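*Asks:* According to the working numbering, the residues represented by the sequence shown are 157 to 482, in order.
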Amino acid sequence: MEEHRRGRRIRRHAHQPAPQRRWRPGAPEGQAARPSGLPAHALLMSASSAEETAKAGEPAQDSPVAAPVSAVGTAFIARFTPAVSFLGEVLLAAGAAIRGRWRYRREDMARVLTDVSAKAVPIVLVVNFLVGAILAFVGSVQLVKFGAGIFVADLVSIAIAREMAAVITAVVMSGRTGAAFAAELAAMQAHEEIDALAVLGIAPISYLVLPRVLALLLMMPLLYVYGCVAGLMGGLVVSAAMLDLGPAVYLDRTFLALTPPHLLLGVTKAVVFGALVALAGCFYGLRARRDAAGVGIATTRAVVAGIVGVIAIDAVFAVCANALDI
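Laid out in structure tokens, this is it:
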């Protein structure tokens, strides 16, 4: 009987709730409260964690400077990401072509080479001849004041070889060939010919873009050489007319002033500018809208991007050449 009563007492105590802790008024100030013994402890902890999560998820207040900088950065990334992606596709196609996996038509390649070389030579010669004549005229007017008119040959030769021949030729090719590339590819885009190539399993980058880029890469150094010769001849004509400078003296000063670093810098610029002009024309041609207005818009954008890009890269070349003492 005694054991039965003891068991009932043990079971009754087991069902009673645990004593709750109470806050003592005499506790020292600053002591943290411990709610671990409260019945609603789990509910309080979940509410506290939810509040902290909500505060962490609130966006930070943008400062007056951060908002415009963020907008400019976002616009820059959105504008140049397609161009970088296009450049990567061209490089991958070039790598595949080097490994012997290049699908193209020889007739198209020959046509593009003819268009960017023989048909472009007359306009390149005329423009560079006039630029050389202008440089000689402006330089002779100033140098004669100091009795140094003979150095006009040095001025024209260095300016033509380092800067003007490559830049002027690239600008001419941007307005002529870059626009032609953009218009041709935009018209193909409007007529859904590029989609047809993709359906047939032919990559438009390797079939349409790579031949045009390669053609300008090969022909721009030759056009640069023609531009240099035309510019020097323009300077010779003006020097002989204004300064009575004989051809022998002019050419002698020209060959003394021209050094291999000047010519190497000019050829390097010509190659880079040629790639830029071709890539700009093909990029905007492939991204043209599928209507007649899209062809004109793509052509305009290709020419503007080519000319602005040539000037910007030429400025980078100038800074690098000065740093390398070339």
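Using N, Cα and C, we set each Cβ at its ideal position, and we do this for glycine too. Quick caveat: nothing in here was measured; it's all calculated off a predicted structure.
Tell me, please, whether the stretch 376-391 touches the stretch 278-298 by the rule of three or more beta-carbon pairs shorter than 8 Å.
*Replies:* Touching, per the Cβ criterion.
*Asks:* Please report the straight-line C-alpha distance between Val423 and Phe411, rounded to a whole angstrom.
*Replies:* For Val423 and Phe411, the distance between alpha carbons rounds to 17 Å.
*Asks:* Is it buried or exposed for Leu364, if we count other Cβ within 10 angstroms and need 16 for buried?
*Replies:* Under this definition Leu364 is a buried residue.
*Asks:* Whole angstroms are fine: how far does the CA of Leu435 sit from the CA of Ala231?
*Replies:* Between Ala231 and Leu435, the C-alpha separation is close to 21 Å.
*Asks:* Leaving out the 5 sequence neighbours to the left and right, which residues in its chain are closer than 7 Å to Leu419 when beta-carbon positions are compared?
*Replies:* Contacts found: Ala317.
*Asks:* For Met398 versus Ala227, is the C-beta distance shorter than 9 Å?
*Replies:* Not a contact, by the Cβ cut-off of 9 Å.
*Asks:* Flag Ala434 as yes when its Cβ comes closer than 8 Å to any non-hydrogen atom of the ligand ZN, and as no otherwise.
*Replies:* Among the components modelled here there is no ligand, and therefore nothing to report on the ligand ZN.
*Asks:* Rank Gly462, Pro367, Ala461 by C-alpha distance to the C-alpha of Arg262 and give the top, closest one.
*Replies:* Comparing Cα positions, the closest option is Pro367.
*Asks:* Going by alpha carbons, who is nearest to Ala326 out of Ala304, Phe242, Arg267, Leu281?
*Replies:* Closest by alpha carbon: Leu281.
*Asks:* When we look at the beta-carbon of Lys425 and count the other beta-carbons within 10 Å, is it buried (16 or more) or exposed?
*Replies:* The residue is buried, with at least 16 neighbouring Cβ atoms inside 10 Å.
*Asks:* Between which residues of its own chain and Arg259 is the CB-CB distance below 8 Å, once the five residues before and five after are set aside?
*Replies:* Answer for Arg259: Ile358, Ala359, Ser362, Tyr363, listed in chain order.
*Asks:* Can you have a look at Gln298 and say buried or exposed, based on whether 16 or more other CB atoms are within 10 angstroms of its CB?
*Replies:* Exposed, by the Cβ-count rule.
*Asks:* Could you please give the first and the last residue of the uninterrupted alpha helix (DSSP H) stretch that includes Tyr440?
*Replies:* Start and end: 416-442.
*Asks:* Specify the secondary structure class of Ile463 as computed by DSSP and reduced to three states.
*Replies:* Note: Ile463 maps to helix in three-state DSSP.
*Asks:* Which first and last residues belong to the alpha helix (DSSP H) in which Ser296 is found?
*Replies:* 277-299 is the extent of the alpha helix (DSSP H) around Ser296.
*Asks:* When we look at the beta-carbon of Val475 and count the other beta-carbons within 10 Å, is it buried (16 or more) or exposed?
*Replies:* That one is exposed.
*Asks:* Under 9 Å between the Cβ atoms of Gly462 and Leu442?
*Replies:* Not in contact: Gly462 and Leu442 (Cβ atoms no closer than 9 Å).
*Asks:* For Ser273, does the three-state DSSP call read helix, strand or coil?
*Replies:* Of the three classes helix, strand and coil, the one that applies to Ser273 here is coil, per DSSP.
*Asks:* Would Val428 and Phe473 qualify as a contact pair, given that the criterion is a beta-carbon distance under 9 Å?
*Replies:* Against a cut-off of 9 Å, the Cβ pair of Phe473 and Val428 comes out as a contact.
*Asks:* Alpha carbon to alpha carbon, what distance is there between Ile467 and Val323?
*Replies:* Taking the straight line joining both Cα atoms gives about 7 Å.
*Asks:* Using C-beta distances below 6 Å, list every residue in its chain close to Ala479, excluding the 5 sequence neighbours before and after it, in chain order.
*Replies:* For Ala479, where only same-chain residues beyond five positions count, there are no Cβ hits under 6 Å.
*Asks:* Does the stretch 333-344 touch the stretch 449-462, meaning 3 or more C-beta pairs lie closer than 8 Å?
*Replies:* These segments touch.
*Asks:* What would DSSP say about Arg257, mapped onto helix, strand or coil?
*Replies:* Coil, per DSSP.
*Asks:* Would you please state the rounded distance, in angstroms, between the beta carbons of Ala444 and Ala371? I believe it to be under 8 Å.
*Replies:* Contact flag wrong, Cβ pair sits at about 21 Å.
*Asks:* Applying the criterion that 16 or more other CB atoms from any shown protein chain within 10 Å of the CB defines a buried residue, is Leu392 buried or exposed?
*Replies:* Result: buried.
*Asks:* Which stretch, first to last residue, makes up the alpha helix (DSSP H) that contains Ser313?
*Replies:* Element bounds for Ser313: 308-315.
*Asks:* If you draw a straight line from the alpha carbon of Arg409 to that of Ala315, how long is it in whole angstroms?
*Replies:* Answer to the nearest angstrom: the Cα atoms are 14 Å apart.
*Asks:* Along the chain, where does the alpha helix (DSSP H) that runs through Tyr363 open and close?
*Replies:* Note, Tyr363: premise wrong, no alpha helix (DSSP H); not H, not E.
*Asks:* Kindly indicate which residue of Asp310, Ile233, Gly305, Ile254 has the alpha-carbon position closest to the one of Leu407.
*Replies:* Nearest of Asp310, Ile233, Gly305, Ile254 to Leu407, Cα basis: Asp310.
*Asks:* Given a cut-off of 9 Å, decide if Asn284 and Met320 are closer than it, judged by their beta-carbon atoms.
*Replies:* The answer is yes: Cβ separation under 9 Å.
*Asks:* Can you grab the Cα-Cα spacing for the pair Leu378 / Leu247, in whole Å?
*Replies:* If you take the alpha carbons of Leu378 and Leu247, they lie about 23 Å apart.
*Asks:* Just the C-alpha distance for Pro278 and Gly383, rounded to the nearest angstrom, thanks.
*Replies:* Going from the Cα of Pro278 to the Cα of Gly383 covers about 10 Å.
*Asks:* In three-state DSSP terms, what is Asp481?
*Replies:* If DSSP states are grouped into helix, strand and coil, Asp481 belongs with coil.
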